[in-house]
Amino acid sequence: MDSTADKEERKREYNRLAQREFRRRRKEHLKNLEQAQKEQNTEQTEEIERLRYQNEELRRENEALKAQLYGTTSSAPHALMPMSAPLHVPGDGRQYSLSPSISGASLSGTGSPPASLPSDLIPMSALSLTSSMLQPSMHARMMASYEVGKARAEIMKLFQPLYSDASIMLSADQHLRALQSLSDNLPEVLKPTRAQLEKAHFVGIDYVPSPALRDRLLNVPSEVAQGFLDEIGFNGENGKDAGQLIIWGDNALNEMSWEFSQPILKRWRWLLGSEWEVRTNYWRQQRGQAPLLL
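Each number in my numbering comes from the position in the sequence shown (counting from 1) with 336 added on.
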């Protein structure tokens with residue numbers, strides 16, 4: 337009898353311990369599931385916010401591009417565009433008939449859009465926007481492009497005190513001090529960012545009229561930044577235009593008017609980000625070309 341009673345007691349004790357362990361494991365499992373769900377919800381929320389922010393940034397950039405080009409926030413297809421004067425697209429043997437009437441400020445100006453539109457403009461809505469328009473003898477819908485070499489030379493002229501002294505070019509400390517001293521005399525878009533004034537860097541980065549792109553170039557090795565600038569033909573006095581960059585209009589300091597080629601966007605997308613693809617596709621749309629999908 338005693339042996340049987342002992343067995344029953346041990347069995348009941350075993351069951352109690354097993355149930356306790358089961359409850360502990362179930363509680364731990366539920367806690368892990370709740371934590372995983374919470375982390376997943378947090379990641380989804382952050383992703384949604386990131387996408388909302390990116391969408392808002394692209395919307396603002398699109399509006400800014402329209403405003404800087406046309407002096408209005410109306411949609412591009414109904415905007416007014418010039419209709420005389422030839423346009424040459426690098427890498428394309430054709431010429432398009434355009435007008436140089438629309439112009440931003442000169443390199444020494446602030447880049448404000450024109451106060452009024454000239455009389456030789458017609459509404460884009462009055463045109464039949466077909467691919468047949470893109471023939472050499474037909475009117476096009478773009479402004480004339482700005483010579484990249486000329487833009488590079490004019491920007492470098494603004495930095496002449498910086499690159500004309502070899503000792504400044506060879507000393508990081510002197511470079512940063514000289515850049516600080518030039519800051520007040522530079523156009524707003526070329527004024528050095530805080531990172532430029534604090535971090536030693538390749539001097540060619542200073543000539544890029546895009547604060548955001550300059551800061552990105554600061555975060556890669558100097559040889560990588562130099563390689564990128566070489567490819568787009570904007571590496572200071574050593575730059576050679578290879579047809580990888582088109583600057584539309586007559587204000588090279590307006591980064592919205594810069595269009596990178598498909599090879600550049602594909603190879604350097606990790607550096608440039610999606611906004612430069614958006615700008616390129618905008619300009620391609622104006623020429624009646626299909627957007628790039630990278």
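Heads up, the beta-carbon is just placed ideally off N, CA and C, and yes, glycines get one too.
Report the rounded CA-to-CA distance for Arg-388 versus Ala-578, giving the unit in angstroms. Start at 1 with the first residue of the sequence shown, and residue 388 comes out as number 52. Start at 1 with the first residue of the sequence shown, and residue 578 comes out as number 242. Roughly 37 Å separates the two Cα atoms.
With 16 as the cutoff for other CB atoms within 10 Å, does Gly-485 come out buried or exposed? As a working mapping, residue 485 is identified with position 149 in the sequence shown. Exposed, by the Cβ-count rule.
Rounding to the nearest angstrom, what Cα-Cα distance links Glu-357 and Thr-378 in this structure? Along the sequence shown, one-based indexing puts residue 357 at 21. Along the sequence shown, one-based indexing puts residue 378 at 42. Cα to Cα, the separation comes out at about 31 Å.
How many angstroms separate the CA atom of Thr-616 from the CA atom of Arg-360? Residue numbering aside, residue 616 sits at position 280 when the sequence shown is read from its first letter. Residue numbering aside, residue 360 sits at position 24 when the sequence shown is read from its first letter. Distance between the alpha carbons of Thr-616 and Arg-360: 59 Å.
The alpha helix (DSSP H) with Ile-541 in it runs from where to where? Locating residue 541 in the sequence shown gives position 205, counting from the first residue. Taken as a continuous stretch (DSSP letters only), Ile-541 belongs to no alpha helix (DSSP H), as it is neither H nor E.
Is the beta carbon of Leu-589 sitting closer than 9 Å to the one on Ile-491? In the sequence shown, residue 589 corresponds to position 253, counting from 1. In the sequence shown, residue 491 corresponds to position 155, counting from 1. Contact: yes.
Quick check: the Cα distance between Trp-612 and Ala-548, rounded to an integer number of angstroms? The count along the sequence shown starts at 1 and reaches residue 612 at position 276. The count along the sequence shown starts at 1 and reaches residue 548 at position 212. Rounded to the nearest angstrom, the two C-alpha atoms are 11 Å apart.
Grab the span of the alpha helix (DSSP H) containing Phe-564 for me, first residue to last. Locating residue 564 in the sequence shown gives position 228, counting from the first residue. Run containing Phe-564: 558–568, per the alpha helix (DSSP H) assignment.
Got a sec, what are the start and stop residues for the beta strand (DSSP E) Glu-646 sits in? With the chain covering 337 to 630 only, the question about residue 646 has no answer from this structure.
Would Ser-517 and Pro-497 qualify as a contact pair, given that the criterion is a beta-carbon distance under 9 Å? For this step, residue 517 is matched to residue 181 along the sequence shown. For this step, residue 497 is matched to residue 161 along the sequence shown. Their beta carbons are under 9 Å apart, which means Ser-517 touches Pro-497 by this criterion.
Consult DSSP for Leu-581 and reduce its assignment to one of helix, strand or coil. For this step, residue 581 is matched to residue 245 along the sequence shown. Looking at Leu-581 - three-state DSSP - the assignment turns out to be strand.
I need the boundaries of the alpha helix (DSSP H) containing Thr-616, first residue and last residue. Position 280 of the sequence shown, counted from the first residue, corresponds to residue 616. Counting along the chain, the alpha helix (DSSP H) containing Thr-616 begins and ends at 610–622.
What I want to know is whether the C-beta of Trp-594 ends up closer than 8 Å to one or more non-hydrogen atoms of the ligand MN. The model on display carries no ligand, and the ligand MN is accordingly not part of it.
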